[in-house]
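Novice:
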Amino acid sequence: MSEQYDIVVAGGGHNGLVAACYLAKAGLKVCVVEKNDKVGGGVMTRELTAPGFKHDVCSVAHTLLQANPLLRNDELQLKSKFGLKYINPDKMTAIFYDDGTTLEFYTDLEQTAQAIAKFSQKDAEAYRRFNKEVFQNLDMMVMGMFHAPPNAGAQAVMMEQSVVGQSLMRTQSMSAWDFICEWFEHPKVRIALARYASEAMMNPFNNGTGFGFYIILPFMHRYGVGIPVGGSGAFADKLRECFESHGGAVRVNAPVKQMRMDGSKVTGVVLESGEEIIARKGVISTMHVQQVFPHMVPGANLPEGFEPRIRGLKRNSFQPFNLHLALHEAPQYKVGPAVDDFFWVERSHSDWEEFARAFSDLEYGIPRRDFVAYVMQDVYDKTRAPEGKRVLNMYAFCPYNVKGGPQRWDEIGKEIAYGFLDDLRNLTTNMGDDNIIGFSWFTPLDIERHNNAMIGADILHFGSYNWQIAGNRPAPGYGQYKSPVAGLYMAGASTHPGGGVTAASGRNAAQVVLEDLGMDFDDLIEN
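FYI, my numbering numbers position 376 of the sequence shown as 886, with every residue one higher than the one before it.
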């Protein structure tokens, strides 16, 4: 006999777990199936270098999650009952340029403006004005993240009704760089802000990237950074505890081969082992939409134009190369103490033309070592390493499609990894072999192998360009978490509001499922 549930969630990343928790809390019988040996997806912590050293496999901070009612209102009691904790340090990011100057970003807006004033008083004042303007719209935009979006046509009509909406439409169409240049004048300030915009894994000089810059810094000033105590995977661990406390079932080492079909309706999942798990009321997929359509829904009649749009999704401009070090002591940077106690430290260009050229090289498959962040959450979270020791994560941009094809990463990965390490040695005074206890790395190809929903090592599934956001994500007409196949819902990074640790699509999809089942989400979160 096949196992039977009300809902099966295909994919045990954080969005799948969030949806599962709400549905199980509502009294539904729910099962989560996950390919890996533990749940979490991009929200995972492992000992990758030496025993006792906790390294985040993908996400290193949960900034966007901090605004989610899931967390702010503790709707699942993750904080009050299950012990989930976050740290929001005042010192966010320190950037040091290739000429030795530094620029610091703080949670406190005024401190950040004063740091910018080292380069330009005019830009410091512009930074204050820019954030003040975004703050006026931020609550509206945040509310939009945590609800199913309207379709693109309806949204365009709504936005055209006001000056604010018209301005946002223009911002979405622009490049982040052009938008930044309208506000700020100093090259180093522009470069630092564009570097923030690039964290959406898109070339900030490309059109359609403006909104990625517009929201991120004001969001951080309002809500903080969001460092999870115990590692990024602590969020997934607490979600699993919550889910199982409501009677939910988790199956790991259980990759999905295809959806179980009854005619043109999804009625469960078929695992690669051949086992079938029945879902009486629906399946929620958090996998990449290109994994699912059309390969996993045999016999389904997909609407005209749907498949080409899914095939044509534009991926991000570059992908991550992650490195992990277990250390005796923290790096001592040659630029001096200005960058000390920042959990996120970046090297940067001083010349904007070289800055732009580096992004172009990445898009053409040429690995570069320009874009690296040195991340040490253990500045504030002492649970990450054994007493007296330190953990360093290095997060770099690289192309997945290197010359010769992505499989070439198996040949060049070690060389590139030690190149990044050599750069760190040159930037510091104490990173000799005697300070390094352990060293490991994930090339873009390794990242794809670890999480096959990240096709092409795209950690956000595909780019948040203006034509691939909100009601257009993953495709026009299907941005409200319902797939074109009966019985199959969608969540995860392929849906609104996209990638990153927001838990928004999981929560939003749960609302849609409960509404379809005639159940009240508001009553659920109030009890």
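The C-beta atom is built at its ideal place from N, Cα and C for all residues, glycine as well.
(1) Report all residues from its chain with a CB closer than 6 Å to the CB of Thr719; omit the five preceding and five following residues, and keep chain order.
(2) Measure the C-alpha to C-alpha separation of Leu781 and Gln768 and round it to an integer number of angstroms.
(3) Measure from the alpha carbon of Pro561 to the alpha carbon of each residue in Phe723, Glu751, Arg894, Phe803, then state which is nearest.
(4) Helix, strand or coil for Ser795? Go by DSSP, reduced to three states.
(5) Between which residues of its own chain and Gly809 is the CB-CB distance below 8 Å, once the five residues before and five after are set aside?
(6) State the DSSP-derived secondary structure class of Ala963, mapped to helix, strand or coil.
(7) In chain order, what are the residue ranges of uninterrupted beta strand (DSSP E) at least 3 long that sit wholly in the region 560 to 646?
(8) Excluding the 5 residues flanking Ala927 on each side, which residues of the same chain have their C-beta closer than 7 Å to its C-beta?
(9) Give every residue of the same chain whose Cβ lies closer than 7 Å to the Cβ of Glu839, excluding the five residues on either side of it in the sequence, and list them in chain order.
(10) Have a look at Thr938 and Lys844 and give me their C-alpha separation to the nearest angstrom.
(11) Are the Cβ atoms of Thr555 and Val849 separated by less than 8 Å?
(12) From Ser742 to Leu581, what does the alpha carbon distance come to, in whole angstroms?
(13) Is the CB-CB distance between Asp600 and Asp618 below 8 Å?
(14) DSSP state of Pro808, grouped into three classes?
(15) Could you give the C-beta distance for Phe865 and Ile701, rounded to a whole number, given that I count them as a contact under 8 Å?
(16) Just reading off the beta strand (DSSP E) that Leu998 is part of, what are its end residues?
(17) Which word fits Ser512, buried or exposed, when buried means at least 16 other C-beta atoms lie within 10 angstroms of its C-beta?
(18) Val673: buried (16+ other C-beta within 10 angstroms of its C-beta) or exposed?
(19) Mapping DSSP to helix, strand and coil, what is Leu727?
(20) Per DSSP, Asn717 forms a beta bridge with which residues?
(21) Is it buried or exposed, Asn583, if we count other Cβ atoms within 10 angstroms and call 16 or more buried?
(22) In chain order, what residues of the same chain have a beta carbon less than 6 Å from the beta carbon of Asn716, not counting five sequence neighbours either side?
(23) Can you give the Cα-Cα distance for Phe852 and Gln576, rounded to whole angstroms?
(24) Could you tell me the distance, in whole angstroms, from the CA atom of Gly510 to the CA atom of Asn961?
(25) Compute the beta-carbon to beta-carbon distance between Cys531 and Cys752, rounded to the nearest angstrom, for a pair I have assumed lies under 8 Å.
Specialist: Once the coordinates are examined:
(1) The beta carbon of Thr719 sits closer than 6 Å to the beta carbons of Ser685, Ala686, Met712 from its chain, once the five residues preceding and following it are set aside; these are given in chain order.
(2) A straight line joining the alpha-carbon of Leu781 with that of Gln768 spans about 7 Å.
(3) For the residues Phe723, Glu751, Arg894, Phe803, the minimum Cα distance to Pro561 belongs to Arg894.
(4) Three-state DSSP puts Ser795 in a strand.
(5) If you ignore the 5 residues before and after Gly809, its C-beta comes within less than 8 Å of the C-beta of Met771, Gly773, Ser774, all in its own chain and listed in chain order.
(6) Ala963: coil per DSSP, three-state reduction.
(7) Along the region 560 to 646, the beta strand (DSSP E) occurs as fully enclosed runs of 3 or more residues at 601 to 607, 612 to 616, listed in sequence order.
(8) Cβ within range, chain order: Leu833, Trp951.
(9) Around Glu839: Arg900, Asn940, Asn945.
(10) The alpha-carbon atoms of Thr938 and Lys844 are separated by roughly 5 Å.
(11) Not closer than 8 Å, so no.
(12) Taking the straight line from one Cα to the other gives about 15 Å.
(13) In this structure, Asp600 lies near Asp618, with their beta-carbon atoms less than 8 Å apart.
(14) Coil at Pro808, not helix or strand.
(15) Yes, Phe865 and Ile701 are in contact; Cβ-Cβ is about 5 Å, under 8 Å.
(16) The continuous beta strand (DSSP E) containing Leu998 extends over residues 998 to 1000.
(17) An exposed status is given to Ser512, since fewer than 16 other beta-carbon atoms sit within 10 Å of its beta-carbon.
(18) Residue burial is scored here from C-beta neighbours: Val673 has fewer than 16 other C-beta atoms within 10 angstroms and is therefore classed as exposed.
(19) In the structure shown, Leu727 sits in a helix (DSSP, three-state: H, G or I).
(20) Paired residues: Ser685.
(21) Counting Cβ neighbours within 10 Å, Asn583 comes out exposed, since fewer than 16 surround it.
(22) Excluding residues within five positions, the ones whose Cβ falls inside 6 Å are Ser685.
(23) Phe852 and Gln576 have their alpha carbons spaced roughly 19 Å apart.
(24) Given that the chain is displayed from residue 511 to residue 1037, the structure contains no residue 510 and the question cannot be resolved.
(25) About 5 Å separates the Cβ atoms of Cys531 and Cys752, confirming a contact at the 8 Å cut-off.
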